[in-house]
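In this text, residue positions in the sequence shown follow my numbering: the first is 2, and each later residue adds one. Data first, discussion second: the structure below is written as structure tokens.
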Amino acid sequence: MSASNTNDRQTSELYVLTEVAKALTTSLALPALLEAVMERIAEVLAPAEFGVVLLWDPSTGLFRPQAVYGPTFPNLQALRQLSLQEGESVTGKVHTRGETIVLSNEMAIAEFMGDLRPANRAAWNQALDVDMLPRSILAGPLWAGGHKFGVLILGTIQRKKVFSANDIPFVQTLADLIALAIDRARLEAEALASYEAKQADRLRAEALATLSHELRTPLGAIKGYSTALLLDEVAWSTEKRREFLHLIEEECENLETMIGDLLDSSLIDAGQLTLEYQPVRLERLAHEVADEMQRQSNQHTIVLDFPGAFPIIDADPLRLKQVLRNIVHNAIKYAPNGGLVMIRGQVRPTDIVISIADQGIGISPEDLIPLFEKYFRVKSPAGHRVPGTGLGLPVARTIVEAHQGRIWAESKVGKGTTLYFSLPRQGLSADLERDNE
Ligand code: ADP
Numbered sequence: 002m003s004a005s006n007t008n009d010r011q012t013s014e015l016y017v018l019t020e021v022a023k024a025l026t027t028s029l030a031l032p033a034l035l036e037a038v039m040e041r042i043a044e045v046l047a048p049a050e051f052g053v054v055l056l057w058d059p060s061t062g063l064f065r066p067q068a069v070y071g072p073t074f075p076n077l078q079a080l081r082q083l084s085l086q087e088g089e090s091v092t093g094k095v096h097t098r099g100e101t102i103v104l105s106n107e108m109a110i111a112e113f114m115g116d117l118r119p120a121n122r123a124a125w126n127q128a129l130d131v132d133m134l135p136r137s138i139l140a141g142p143l144w145a146g147g148h149k150f151g152v153l154i155l156g157t158i159q160r161k162k163v164f165s166a167n168d169i170p171f172v173q174t175l176a177d178l179i180a181l182a183i184d185r186a187r188l189e190a191e192a193l194a195s196y197e198a199k200q201a202d203r204l205r206a207e208a209l210a211t212l213s214h215e216l217r218t219p220l221g222a223i224k225g226y227s228t229a230l231l232l233d234e235v236a237w238s239t240e241k242r243r244e245f246l247h248l249i250e251e252e253c254e255n256l257e258t259m260i261g262d263l264l265d266s267s268l269i270d271a272g273q274l275t276l277e278y279q280p281v282r283l284e285r286l287a288h289e290v291a292d293e294m295q296r297q298s299n300q301h302t303i304v305l306d307f308p309g310a311f312p313i314i315d316a317d318p319l320r321l322k323q324v325l326r327n328i329v330h331n332a333i334k335y336a337p338n339g340g341l342v343m344i345r346g347q348v349r350p351t352d353i354v355i356s357i358a359d360q361g362i363g364i365s366p367e368d369l370i371p372l373f374e375k376y377f378r379v380k381s382p383a384g385h386r387v388p389g390t391g392l393g394l395p396v397a398r399t400i401v402e403a404h405q406g407r408i409w410a411e412s413k414v415g416k417g418t419t420l421y422f423s424l425p426r427q428g429l430s431a432d433l434e435r436d437n438e
């Protein structure tokens, strides 16, 4: 190589290194960044016809391509199908050894690539449109911060010019820069995950604080009324005593519901929701829940509307009763002025839909989005004084989804809310029903 050639080469290498370093400080996502970097490399390393960055995925124990380069190959994307094992081909070996290598003769290439598994060989042939191994290869390990991330591979197929040992320092520097970028992306992802975990902890702590407060409210009322009843110096009328006792009973029911929600939710969290399937008549369950709830409120009128011959479905009746109870209870709680609560059953070809409509305070469109999230409670002045845990609907959703169903809501602020849930009709009971028809 003449002195002027060497100088030219050094200048362009320096130029590319600067450009690559610049690219690595941008906020591009990793695959786009790697592709941009590879294009720059090919500008200097004249023989390079294709390039690929393969990253090690510890969860699968495989190297997978993250970026591919090769403007003259129409089927290049087939390279993305590569999935190499530890020690397999150039990638596996360079990753283990940790040093940049140049392979520029047939024998060396065959030695490194001879163990390429058939599926990888096929992807290779398809991508580069040849049934032959490359003429020369330059491969550098991507190591940084004590981590081994993968390998950068550059290759030539048709060109006469091949890589030489002179190319090694340049490629090693580039590989180090790329590894640093990958390490940075990894650290950023870790920082984000730790931030999110902290955020989740904070939300949980906030939810628990709110919950304790919610549990204290009925408890405080119970304590207040019972202390009043026990006062020796006041002679309460029978009517007043009954009123206090009723209020105590009501607050006990509130407490019971909240503690029930909490227990259900923690059982579900512990993965202990088990369903005991049996043929279920939903309109019968709905009647039982409606009667139960009607006893709690004389301001509301609970009405049922089920078509005759409503299908029998396979489900867990106790769990579905809980779903109905949670939703109908809300329909009463969040309609403080009373009104109609309509429980309707609808039959569709593959499923049934139950809807519970109230004439209550309603829910705004933005609050409908997190409605089924744990501990979510609408922060509205209208719903402010209503006791609750924000667990009734998430529990209902888990139960419905465990039955392969769906749950959703529609609402208009000030007009009312309708909660829907669907359950599939297929299964043993549906077959029995068909046989009986
Ligand atoms: P909670 O124990 O707070 O009632 P849920 O999970 O059952 O918990 O409901 C979550 C929130 O959704 C409630 O706090 C309330 O703000 C809103 N919500 C649920 N059902 C209704 C309804 N029928 N009408 C108006 N708001 C409702």
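Using N, Cα and C, we set each Cβ at its ideal position, and we do this for glycine too. Computed from a prediction, not measured in an experiment: that's the story for all the values here.
**OP:** Under 7 Å Cβ to Cβ from T390, same chain only, skipping five residues before and after it: list those, please.
**Re:** Taking the first residue of the sequence shown as 1, we reach residue 390 at position 389. The residues are L212, E215, M259, D262 and L263.
**OP:** Excluding the 5 residues preceding and the 5 following G340 in the sequence, name in chain order all residues of the same chain whose CB lies nearer than 6 Å to its CB.
**Re:** The count along the sequence shown starts at 1 and reaches residue 340 at position 339. Hits under 6 Å: Q360.
Original post:
Is the stretch 114-124 close to the stretch 175-194, with three or more CB pairs under 8 Å?
Top reply: no
Original post:
Is H247 helix, strand or coil by DSSP?
Top reply: In the sequence shown, the residue the question calls residue 247 occupies position 246. Correct three-state label for H247: helix.
**OP:** Take G346 as the anchor and find which of T218, H288 and H96 has the nearest alpha-carbon.
**Re:** For this step, residue 346 is matched to residue 345 along the sequence shown. Check the Cα spacing between G346 and each of T218, H288 and H96: the tightest is with H288.
Original post:
Can you tell me where the alpha helix (DSSP H) with P72 in it begins and where it stops?
Top reply: Translated into the one-based positions of the sequence shown, residue 72 becomes position 71. It is not in any alpha helix (DSSP H) - P72 carries neither H nor E in the DSSP assignment.
Original post:
Is the stretch 319-326 in contact with the stretch 282-296, if contact means three or more CB pairs nearer than 8 Å?
Top reply: yes
**OP:** Report buried or exposed for P286, applying the criterion of at least 16 other Cβ atoms within 10 angstroms of its Cβ.
**Re:** Within the sequence shown, the letter at position 285 stands for residue 286. A small fix is needed here, since residue 286 is Leu in this sequence, not Pro. Result: buried.
Original post:
Is P388 near N255, with beta carbons less than 8 Å apart?
Top reply: Here residue 388 is taken as the residue at index 387 of the sequence shown, counted from 1. Here residue 255 is taken as the residue at index 254 of the sequence shown, counted from 1. Yes. Within cutoff.
**OP:** Report all residues from its chain with a CB closer than 7 Å to the CB of Q300; omit the five preceding and five following residues, and keep chain order.
**Re:** Numbered from 1 along the sequence shown, position 299 holds the residue referred to as residue 300. Correct list, in chain order: G339.
Subject >> Beta-carbon contacts of T351 that lie in its chain and below 8 Å, excluding the five residues immediately before and after >> reply: Mapped onto the sequence shown, residue 351 falls at position 350. So the qualifying residues of the chain are P425, R426 and Q427.
Original post:
Which one or two residues does DSSP pair with V103 in a beta bridge?
Top reply: By 1-based counting over the sequence shown, the position of residue 103 is 102. As a beta-bridge residue in DSSP terms, V103 pairs with L139.
**OP:** Output yes if chain B places a C-beta closer than 8 Å to the C-beta of Q295; else output no.
**Re:** Structure shown: chain B not included; a single protein chain is present.
Subject >> T390 Cβ short of 7 Å to the ligand ADP heavy atom set >> reply: As a working note, residue 390 is residue 389 in the sequence shown. Yes, the beta carbon of T390 sits closer than 7 Å to at least one heavy atom of the ligand ADP.
**OP:** Taking only heavy atoms of the ligand ADP into account, decide whether any of them is closer than 7 Å to the Cβ of N255.
**Re:** Taking the sequence shown and counting its residues from 1, the one referred to as residue 255 is at position 254. Not so, every heavy atom of the ligand ADP lies at least 7 Å from the Cβ.
Original post:
Using a Cβ-Cβ cut-off of 8 Å (strictly less than) and excluding sequence neighbours within five positions of T97, which residues of its own chain qualify?
Top reply: Walking along the sequence shown from the start, residue 97 turns up at place 96. Cβ neighbours of T97 beyond the five flanking positions: E87 and G88.
Subject >> C-alpha distance - G406 paired with V342, whole-angstrom precision >> reply: Position 405 of the sequence shown holds residue 406. Position 341 of the sequence shown holds residue 342. The alpha-carbon atoms of G406 and V342 are separated by roughly 23 Å.
Subject >> Spatial neighbours of Q11 in its chain, beta-carbon cut-off 6 Å, leaving aside the 5 residues before and after >> reply: Translated into positions along the sequence shown, residue 11 becomes position 10. Excluding positions up to five away in sequence, the list is empty.
Subject >> Start-to-end residues for the beta strand (DSSP E) that takes in P425 >> reply: As a working mapping, residue 425 is identified with position 424 in the sequence shown. From DSSP, the beta strand (DSSP E) with P425 extends over G417 to P425.
**OP:** Express the C-alpha separation of T157 and A49 in angstroms, rounding to a whole number.
**Re:** For the purposes of this step, residue 49 is taken as the residue at position 48 of the sequence shown. For the purposes of this step, residue 157 is taken as the residue at position 156 of the sequence shown. Distance between the alpha carbons of A49 and T157 is about 5 Å.
Original post:
Apart from the five residues on each side of it in sequence, which residues of its chain come closer than 7 Å, Cβ to Cβ, to F171?
Top reply: Within the sequence shown, residue 171 is the residue found at index 170, counting from 1. Non-local beta-carbon contacts of F171 in its own chain, meaning distances under 7 Å to residues more than five positions away in sequence, involve E14 in chain order.
Subject >> 6 Å CB neighbourhood of W409 in its chain, flanking five on each side removed >> reply: For the purposes of this step, residue 409 is taken as residue 408 along the sequence shown, with counting starting at 1. Y421.
Original post:
Tell me which same chain residues have a C-beta within less than 8 Å of the C-beta of K149, skipping the five on either side of it?
Top reply: In the sequence shown, counting from the first residue as 1, residue 149 sits at position 148. Within the same chain, K149 has close Cβ partners W57, H96, G99, P142 and L143.
**OP:** Have a look at L80 and T61 and give me their C-alpha separation to the nearest angstrom.
**Re:** Here residue 80 refers to the residue found at position 79 when the sequence shown is read from its first residue. Here residue 61 refers to the residue found at position 60 when the sequence shown is read from its first residue. When rounded, the distance between both Cα atoms is 18 Å.
Original post:
Under the rule that 16 or more other beta-carbon atoms within 10 Å means buried, what is Y335, buried or exposed?
Top reply: The residue you call residue 335 lines up with position 334 of the sequence shown. Classification of Y335: buried, given that the 10 Å Cβ count is 16 or more.
Original post:
Just to check, is the beta-carbon of G339 closer than 7 Å to a non-hydrogen atom of the ligand ADP?
Top reply: Taking the sequence shown and counting its residues from 1, the one referred to as residue 339 is at position 338. Checking the Cβ of G339 against the ligand ADP gives no.
**OP:** Assign L429 to buried or exposed, taking buried as 16 or more other Cβ atoms, counted over all protein chains shown, within 10 Å of its Cβ.
**Re:** If you number the sequence shown from 1, residue 429 lands on position 428. Because the pLDDT of L429 is 49, which lies under 50, any placement of that residue in the model is unreliable, and the number read from its coordinates should be weighed accordingly. Exposed: under 16 other Cβ atoms inside 10 Å.
Original post:
For the ligand ADP, any of its heavy atoms closer than 7 Å to the Cβ of L394?
Top reply: In the sequence shown, residue 394 corresponds to position 393, counting from 1. Answer for L394: yes, Cβ within range of the ligand ADP.
Subject >> V91 beta carbon less than 8 Å from that of A33 >> reply: On the sequence shown, position 32 is the one that residue 33 refers to. On the sequence shown, position 90 is the one that residue 91 refers to. Going by C-beta atoms, A33 is not nearer than 8 Å to V91.
Original post:
Quick check: the stretch 100-115 against the stretch 132-139, are there 3 or more CB pairs under 8 Å?
Top reply: yes
**OP:** Following the continuous alpha helix (DSSP H) through T399, name the residue where it begins and the one where it ends.
**Re:** On the sequence shown, position 398 is the one that residue 399 refers to. Residues G393 to A403.
**OP:** Return the chain-ordered list of same chain residues with a C-beta closer than 7 Å to the C-beta of A22, the five sequence neighbours on each side being excluded.
**Re:** Start at 1 with the first residue of the sequence shown, and residue 22 comes out as number 21. Result list for A22: L178, in chain order.
Original post:
DSSP state of L429, grouped into three classes?
Top reply: Looking up residue 429 in the sequence shown gives position 428. Model confidence at L429 stands at a pLDDT of 49, short of 50, so the residue's coordinates are unreliable and nothing is read from them.
**OP:** Classify E367 as helix, strand or coil using the three-state DSSP reduction.
**Re:** To locate residue 367, count along the sequence shown from 1; it is residue 366. Note: E367 maps to helix in three-state DSSP.
Original post:
For W237, which three-state DSSP category applies?
Top reply: Indexing the sequence shown from 1 puts residue 237 at position 236. In this structure, W237 counts as coil in the three-state DSSP scheme.
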